[in-house]
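First up is the structure itself, then whatever we jot down about it.
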Amino acid sequence: MSPQTVTWMLHHMNPVEASRLGARLSLQTLSFVLDQVHPRHALTALQRLPIRQAQEVAEQLDQPIAESELLSQAPNTAGALMSDRFVAVDADAGIAELRADLEELQEDRNRLTYLYVLDAQGLPEAQISMVDLALADTDITASSIASPLTAVVSVDTSAQECARLRRHYNLTQLPVVEGNALIGVVLPDALLGVTVEEDTRQVLQVANVPGERADGPMALSIRTRLPWLTINLATTFLAAATISLFESTLTQLVVLAAFLPVVAGQGGIGGTQTLTLIVRAIALGELVGIRAKRLLVREATLGVIHGIWLGLLVAVIAIIWQGNYGLALVLGFAMLGNMLIAGTVGAGVPLLMRRVGIDPAVASAVVVTTFTDVFGFLLFLGIAQAAISLLV
């Protein structure tokens with residue numbers, strides 16, 4: 000493999016895999032490989048290695064990298080992704096000056112899609128596409144062909160947020176600022192790479208199998224799937240324990256058992272629908288500026304509307320099937336209550352998990368289905384026990 004390929008691999012590996020590869024290549028081989036690539040690419044590759052190993056390799060490079068540079072930017076941030084090779088000029092700069100600055104970048108200029116116009120404080124205020132620059136007359140200024148900036152990130156902005164901005168605004172390049180200065184840009188290849196990496200991670204985590212492959216080791220599959228299956232088993236026993244509290248009620252009217260999955264299952268579906276919509280909105284950045292209270296009220300209202308319709312429908316079915324108006328009344332109220340809970344919990348759980356730093360795509364489903372099962376049983380059997388005289 001070429002040095003560029005090895006560097007690319009190190010940059011995209013997780014730290015554990017990168018350290019294993021680094022140990023197998025040896026310090027001499029690593030230093031030889033990184034000497035053949037751009038210093039910025041060598042630095043991003045070294046940042047994937049354990050700091051001690053990275054320091055040892057950096058000391059053997061022809062152009063040593065200081066420890067302060069290795070530690071300057073945290074991994075998986077815009078600072079770690081950015082390149083310091085870009086063009087930025089004042090608003091009154093001429094087109095000839097812009098083209099001359101671009102020429103100085105040599106081969107790196109082919110990686111840029113935008114140049115930047117700075118304000119009086121040195122921060123980017125507008126951008127110029129390469130196409131507009133190529134077609135512009137030489138007697139105009141940079142500001143006359145500039146367009147507004149779509150987004151700006153700081154050095155500590157997460158790679159995940161950079162990927163979200165690219166998807167949301169269809170970006171090809173991101174300017175990176177620190178304090179009152181433009182210090183770099185996240186180039187198209189880096190932006191695309193982190194977007195693919197983030198999308199892959201999300202797809203795998205939706206199924207609770209992060210990092211697992213179809214032909215991968217069985218030990219990894221067991222380690223990633225089994226904990227969540229175990230948690231789900233515990234929640235089913237919690238639902239079973241809830242039913243056992245009402246054994247005497249079920250004994251008096253055995254037909255109640257036939258309707259248990261109706262109430263709980265419908266609540267689970269309603270909660271999962273809301274959960275899926277909220278998680279998708281979080282992933283796409285659609286909740287920016289929307290208050291959690293507003294979402295909860297909206298989903299609770301939808302739960303009430305759905306609950307009224309489904310409650311009436313299941314009540315009619317109970318009357319036709321069993322001819323028991325008391326059972327129909329209990330089923331209707333239980334369905335209404337559980338759909339209200341499903342809507343509220345389906346919206347609230349992913350918002351809460353995002354607030355505490357847990358990926359809502361991974362754990363929300365277990366919590367939501369537990370709530371709808373347990374409270375569905377409690378509502379249905381609790382109301383039935385309170386109104387047992389109407390049922391028997």
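Residues in the sequence shown are numbered from 0 upward in steps of one, following numbering that gives the first Met the number 0. For glycine and all other residues, C-beta sits at the position ideal for the given N, C-alpha and C. Quantities reported herein were computed from a predicted structural model and do not represent experimental measurements.
- One Cα belongs to ALA341, the other to THR273, and the distance between them is close to 8 Å.
- Counted as a single uninterrupted DSSP element, the alpha helix (DSSP H) harbouring VAL303 occupies residues 291-321.
- For SER1, the three-state secondary structure derived from DSSP is coil.
- A distance below 8 Å between beta-carbons, with the five flanking residues on each side excluded, links GLY381 to the following residues of its chain, in chain order: PHE245.
- GLY183: member of the beta strand (DSSP E) spanning 180-185, first to last residue.
- The DSSP-derived three-state label of ASP91 is coil.
- In this structure, ILE277 lies away from LEU339, with their beta-carbon atoms at least 8 Å apart.
- Setting aside the 5 residues that flank it on each side, LEU186 is surrounded in the same chain by SER82, ARG110, each with a C-beta closer than 6 Å to its C-beta; the list follows chain order.
- In this chain, the beta strand (DSSP E) harbouring GLN126 covers 123-128.
- Judged by beta-carbon spacing, PRO123 lies within the 8 Å limit of LEU148, meaning their Cβ atoms are closer than that value.
- Shown here, VAL36 sits in coil according to DSSP, grouped into three states, outside any helix or strand.
- For THR368, the secondary structure class from DSSP, reduced to helix, strand or coil, is helix.
- The closest CA to that of ASP155, considering only ILE182, LEU330, LEU114, SER146, is found on ILE182.
- Pairing VAL152 with LEU170 gives a Cβ-Cβ distance that is not under 8 Å.
- Between THR140 and ALA95, the CB-CB gap reaches or exceeds 8 Å.
- Closest in C-alpha terms to LEU328, from the list ARG353, ALA314, GLN321, comes ALA314.
- Here VAL151 carries a coil assignment [DSSP, helix/strand/coil].
- By the criterion of a C-beta distance shorter than 7 Å, ALA299 is surrounded in its chain by LEU339, GLY342, THR343, once the five residues flanking it on both sides are discounted.
- In this structure, ASP107 keeps its C-beta atom at 8 Å or more from the C-beta atom of VAL88.
- Contact annotation: VAL86 and LEU104 have beta-carbon atoms nearer than 8 Å.
- Cβ contact annotation for ASN75 (same chain, cutoff 6 Å, sequence separation greater than five): ALA158, in chain order.
- Annotation for VAL56: GLY21, LEU26, LEU29, SER30, LEU33, LEU45, LEU48 place their beta carbon closer than 8 Å to its own, counting only its chain and skipping 5 residues before and after.
- Assignment of beta-bridge partners to SER82 by DSSP yields VAL184.
- Between the alpha carbons of SER247 and VAL195 lies a gap of roughly 56 Å.
- LEU117 sits in a strand when the DSSP states are folded into three classes.
- Nearest to PRO359 by alpha-carbon distance, out of ILE281, PHE332, ALA239, GLY322, is ILE281.
- Taken atom to atom, the span from the alpha-carbon of GLY121 to that of GLN54 is near 34 Å.
- The three-state reading of DSSP puts PRO226 in helix, counting H, G and I together.
- Relative to ILE268, the option among LEU295, GLN126, HIS305, ALA385 whose CA is nearest is HIS305.
- Excluding sequence positions up to five before and after ALA317, its CB lies within less than 8 Å of the CB of PHE258, ASN323, LEU326, ALA327, LEU330, all in the same chain and listed in chain order.
- With at least 16 other beta carbons inside 10 angstroms of its own, VAL175 counts as buried.
- When DSSP states are grouped into helix, strand and coil, LEU249 belongs to the helix group.
- In the structure shown, THR199 adopts helical secondary structure according to DSSP, grouped into three states.
- In the DSSP assignment, no residue is bridged to LEU45.
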